[in-house]
Amino acid sequence: MSDISNLIEEDSDNDGEAMTAAEVLQKLEEAWLNEKFAPDLLENKSDIVDCMMDQLQEMENNIKLAKRGDFKVSLHRMEIDRIRFIISSYLRRRLEKVERFAVCVLEAEEKRDDEEASRLTPEEHQYAKDYQESVEMHMKNLALRHMPPNSQKMDPNLTTIRPNVDSYVFLKVNKHQEGVLVEEESSDAG
Amino acid sequence: MFGEKALELIRELQRSGENSLPPYNEDGVRQVLEEMLSLFEQNQKDVSDTVAGQTGLFAGVQLRHSALERNKRCVMAYLYNRLQHIRKLRWEFGSVLPQEIKYNMSEQEVQWFNKYNKCLANYMRSLGEGGLDLTQDIKPPKSLYIEVRCQMDHGEFETQDGSVIILKKNSQHFLLRSECEHLVRQGILEHIVH
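Residue numbers (numbering that gives the first Met the number 0), protein chains in the order written: chain A, 0 to 189; chain B, 0 to 193.
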């Protein structure tokens with residue numbers, strides 16, 4: 000038993016600090032592609048994003064120290080631009096999903112237990128609340144207020160936009176696996 | 000016919016297409032709301048008549064109820080779609096809207112735009128150290144420097160390494176992409192592709 004628990008501790012240590020910058024970038028690209036093609040909001044990878052942004056800051060500082068006209072400066076600048084694009088695109092896609100599915104996302108956040116990790120970062124949560132409130136206030140002030148008393152509420156069942164979790168996605172296999180069970184699609188034989 | 004004015008609102012939005020926001024049809028919305036109120040009052044009258052003993056009014060009540068629901072749905076759709084359009088404008092134009100576009104928005108829509116601006120700014124400021132502007136870097140970077148031509152006089156422009164360039168109409172420059180991207184988007188500079 001103690002042997003196994005030692006092994007587990009070792010593994011978790013490796014996961015923490017020992018990833019090289021290249022590995023973090025690889026993970027960021029993976030997270031970016033996953034988020035881009037998934038129909039609903041995935042787990043947040045704020046640790047990877049924060050780590051990458053720190054790296055960017057360091058690279059910018061290093062460039063400032065290098066002498067003018069040095070060729071490496073251009074290469075580093077390109078890399079900085081590229082990484083910044085990936086981070087921006089990733090965060091933009093998440094924000095787009097938070098805005099579209101705001102009601103859904105806030106509902107899920109209320110329902111989850113304390114042990115489950117949240118899919119939203121605290122800032123995204125705040126943003127979802129603010130955005131939802133501003134849209135609701137706008138609708139109330141412009142229209143719902145002036146409607147007959149029976150119609151002044153919006154029925155959440157009818158109005159919330161839910162992500163289509165049944166939409167088709169492409170998967171890329173990273174490791175060779177045998178025997179993955181795919182649910183048979185029930186088709187109406189006509 | 001009930002619900003026609005509401006349909007007119009939706010058609011107006013659809014006709015103007017993806018790129019322009021038509022002026023806020025205050026009259027149209029007001030007329031739809033008035034129609035809803037009158038339908039509701041007629042229904043109330045019919046319901047109290049039925050309770051008093053009159054028969055044969057149920058079909059009318061149902062018809063008016065459906066019309067009420069349809070009007071409500073159309074108005075909600077009209078308002079919501081305008082909001083989505085305005086949100087798109089923030090990402091295209093930045094936090095200050097040109098006067099012609101603002102002219103087409105109602106006062107509450109302008110207020111919503113400001114609120115959205117604030118929300119977005121708060122979120123962007125919280126990313127990393129000192130914030131990350133998500134409205135830059137919309138396209139993947141193809142090259143470090145780009146060649147641009149000035150479309151109008153824009154005065155002096157200081158680059159990152161300190162040299163000052165004068166942006167005169169039709170002058171061409173070779174600048175860092177990240178520095179002039181926002182000017183290209185505003186239309187002041189034109190990206191020259193060979």
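Beta carbons: idealized from backbone N, C-alpha and C, even for Gly.
In this text, all values refer to a predicted model and were calculated from it rather than measured experimentally.
query: Got a sec? Which residues, its chain only, sit under 7 Å from Asn116 of chain B by beta carbon, not counting five neighbours each side?
result: By the criterion of a C-beta distance shorter than 7 Å, Asn116 of chain B is surrounded in its chain by Arg89, Ser94, once the five residues flanking it on both sides are discounted.
Candidates A:Lys66, A:Val102, A:Ile47: closest to Asn156 of chain A by CA position: Of the listed residues, the one whose Cα sits closest to Asn156 of chain A is A:Val102.
query: If you scan the segment 82-158 of chain A from start to end, which runs of the alpha helix (DSSP H) of 4 or more residues do you find wholly inside it?
result: Fully enclosed alpha helix (DSSP H) runs of no fewer than 4 residues occupy 101-110, 121-141, 155-158 of the segment 82-158 of chain A, in order along the chain.
query: Is the Cβ-Cβ distance between Pro147 of chain A and Leu36 of chain B less than 8 Å?
result: Judged by beta-carbon spacing, Leu36 of chain B lies within the 8 Å limit of Pro147 of chain A, meaning their Cβ atoms are closer than that value.
query: What span of residues does the alpha helix (DSSP H) with Leu6 of chain B cover, start to end?
result: Start and end: 3-15.
field: Host beta strand (DSSP E) of Gly59 of chain B (start-end)
entry: For Gly59 of chain B, no beta strand (DSSP E) run applies; the uninterrupted alpha helix (DSSP H) run containing it begins and ends at 57-92, by DSSP.
task: Please decide whether Ser94 of chain B counts as near chain A, where near means a Cβ-Cβ distance under 8 Å.
output: No, Ser94 of chain B does not count as interfacial toward chain A.
message: Does the segment 38-50 of chain B come into contact with the segment 9-16 of chain B, if we say contact requires no fewer than three beta-carbon pairs (one atom in each stretch) closer than 8 Å?
response: Taking 8 Å as the limit for Cβ pairs, the verdict is that the segment 9-16 of chain B does not touch the segment 38-50 of chain B.
task: Rounded to whole angstroms, what's the CA-CA distance from Asp12 of chain A to Thr19 of chain A? Just pull it up for me.
output: Here the model assigns Asp12 of chain A a pLDDT of 37, short of 50, so the residue's position is not dependable and the matter cannot be decided.
- prompt: Mapping DSSP to helix, strand and coil, what is Leu126 of chain B?
  reply: Of the three classes helix, strand and coil, the one that applies to Leu126 of chain B here is coil, per DSSP.
field: Phe100 of chain A at chain B interface by Cβ criterion, 8 Å
entry: At a cut-off of 8 Å, the C-beta of Phe100 of chain A has no neighbouring C-beta in chain B.
field: Contact list for Glu128 of chain B against chain A, beta-carbon separation under 9 Å
entry: Near Glu128 of chain B (Cβ distances below 9 Å), the residues of chain A are Met52, Asp53, Gln56.
- request: Kindly indicate if chain A contains any beta-carbon less than 8 Å away from that of Leu82 of chain B.
  value: Leu82 of chain B counts as touching chain A.
- prompt: Nearest CA to the CA of His153 of chain B: which residue from B:Leu20, B:Gly186, B:Gln61, B:Lys44?
  reply: Selected option, being the one with the closest Cα: B:Gly186.
field: C-alpha gap between Val163 of chain B and Phe84 of chain A, whole angstroms
entry: Whole-angstrom Cα-Cα distance: 27 Å.
message: Looking at the secondary structure, which residues open and close the alpha helix (DSSP H) in which Leu64 of chain A lies?
response: Counting along the chain, the unbroken alpha helix (DSSP H) around Leu64 of chain A starts and ends at 45-64.
query: If the cut is a Cβ gap below 9 Å, which residues of chain E does Asp165 of chain A touch?
result: Looking at the structure shown, chain E is missing, and the protein chains on hand are A and B.
- prompt: For Asp12 of chain A, which of helix, strand or coil comes out of DSSP?
  reply: The predicted model places Asp12 of chain A with a pLDDT of 37, which falls under 50 and marks its position as unreliable; any figure quoted below should be read in that light. Three-state result, Asp12 of chain A: helix.
message: Any beta carbon from chain B within less than 8 Å of Ile86 of chain A's own beta carbon?
response: Yes, because at least one Cβ of chain B sits closer than 8 Å to the Cβ of Ile86 of chain A.
query: Can you list, in chain order, the residues of the segment 106-123 of chain B whose Cβ is nearer than 7 Å to any Cβ on chain A?
result: For the segment 106-123 of chain B, which is checked against every Cβ of chain A, the residues closer than 7 Å are Gln107, Trp111, Lys114, Tyr115, Cys118, Tyr122.
task: Just confirm the distance between the C-beta atoms of Val147 of chain B and His190 of chain B, as a whole number of angstroms; I'd bet it's less than 8 Å.
output: Val147 of chain B to His190 of chain B, Cβ: 6 Å. Contact.
Contacts of Val168 of chain A in chain B (Cβ-Cβ under 8 Å): Residues of chain B with a Cβ closer than 8 Å to the Cβ of Val168 of chain A do not exist; the shortest Cβ-Cβ separation is about 22 Å.
message: For a contact defined as C-beta to C-beta under 8 Å, what are the partners of Tyr90 of chain A on chain B?
response: For the sequence presented, residue 90 of chain A should be read as Leu rather than Tyr. When 8 Å is used as the limit between beta carbons, Leu90 of chain A is near these residues of chain B: Leu126, Leu131, Leu133, in chain order.
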